[in-house]
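Here is the structure we will look at.
Numbering (our numbering), first residue to last: 4 to 307.
Structure (structure tokens):
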């Protein structure tokens, strides 16, 4: 049986633990040479530790695969470019990038610090840009390549106490679509994945009530290994016609998410005033307003 990523070179950021680790392991099992990037910080980004990335590399090698560790942060442009350089220095090419690295600094909005907002934006949104931008020139020259970026229902739908994370994750959707539009002529693809899985970052959810405890127990059923197959597929040649999309993965379910399009419109030939908008425009649109839903409101059934 042919391996779907045979001899491709794949970068996976944040690959020392959780979802990133599982993606790196599966890509290697599918024949890819993998750059396992992870500075080894805590869930909030503090500190560093080479062990997580090194352990994943050793696991890949033990299973007969090929991998190299990289410990740079994605949150600054020059270190992020060195992740890409690691791929080309060691393996001579680059075929795919998985922008998985992330941190959390959750706080209710009026109490959130500027530093907490900026730190999360730097890792998630700017990090996805920095690594992708460094890889884009290579993809342009060889006229092939695939980006897989991680978004979240925190941005796509909404959640409490995550203004920084939600803003970053919805920004990544715009980034991915722009890459897909700009680089499609060079056979470069760009897609988003929104994962539902129990990871170290999700482990920061407070457990104070029976309802919260029940929710966390459900989430724990969703292992990070369930996210990896979709990512590996999107990196492979079988996904050559799949670009600009947003996929959700929850246990054994795969969702295709909608994207922003007009729902309905109103018009007045003579134009609008604040008063006519109040009397006519907004009442006509109101039935189509979105509620302030959270992820659990949109996915109320147990994982399959």
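In this text, a Cβ means the ideal position worked out from N, Cα and C, and glycines have one as well.
Go through its chain and collect everything with a Cβ distance to residue i's Cβ below 8 Å, but skip five positions before and after it.
i	result
residue 269	283, 284, 287, 288
residue 141	87, 91, 96, 97, 148
residue 184	247
residue 190	146, 147, 148, 243
residue 177	none
residue 61	none
residue 143	186, 189, 191
List the DSSP bridge partners of residue i.
i	result
residue 251	197, 258
residue 149	99, 192
residue 137	Paired residue(s): none; residue 137 is not in a bridge.
residue 13	37, 99
residue 78	Bridge partners of residue 78: none, in fact.
residue 70	37
For residue i, which residues in the same chain have their Cβ closer than 6 Å to its Cβ, ignoring the five residues on either side in sequence?
i	result
residue 6	33, 34
residue 29	231, 235
residue 51	42, 43, 44
residue 297	161, 162
residue 84	137
Using beta-carbon positions only, say whether residue i and residue j come within less than 8 Å of one another.
i	j	result
residue 102	residue 147	no
residue 150	residue 192	yes
residue 38	residue 71	yes
residue 21	residue 227	yes
residue 129	residue 78	yes
residue 233	residue 257	yes
residue 197	residue 251	yes
residue 136	residue 179	no
residue 383	residue 267	For the chain, the structure presents residues 4 to 307; residue 383 sits outside this window and is missing.
Under 7 Å Cβ to Cβ from residue i, same chain only, skipping five residues before and after it: list those, please.
i	result
residue 187	246
residue 295	161
residue 172	127, 154, 155, 157, 158
residue 48	106, 122, 126
residue 8	30, 33, 34, 35, 235, 238, 239
residue 89	38, 71, 73
residue 115	166, 167
Rounded to a whole number of angstroms, what is the C-alpha to C-alpha distance between residue i and residue j?
i	j	result
residue 76	residue 42	6 Å
residue 273	residue 279	11 Å
residue 194	residue 27	18 Å
residue 80	residue 237	25 Å
residue 100	residue 304	32 Å
residue 300	residue 15	31 Å
residue 56	residue 163	31 Å
residue 165	residue 4	44 Å
residue 117	residue 241	43 Å
residue 68	residue 119	38 Å
residue 82	residue 211	40 Å
residue 277	residue 113	30 Å
residue 281	residue 275	10 Å
residue 302	residue 108	24 Å
residue 40	residue 133	14 Å
residue 23	residue 265	35 Å
residue 46	residue 174	21 Å
residue 213	residue 229	27 Å
Restricting to Cα atoms, I'd like to know which of the options is closest to residue i.
i	options	result
residue 110	100, 123, 104	123
residue 167	25, 181, 190, 121	121
residue 224	176, 49, 66, 306	306
residue 254	200, 297, 12	200
residue 293	263, 55, 69, 40	263
residue 12	250, 138, 196	138
residue 65	31, 9, 54	31
residue 74	241, 104, 266	104
residue 63	25, 211, 114	25
residue 54	302, 19, 276, 46	19
residue 94	10, 46, 133	10
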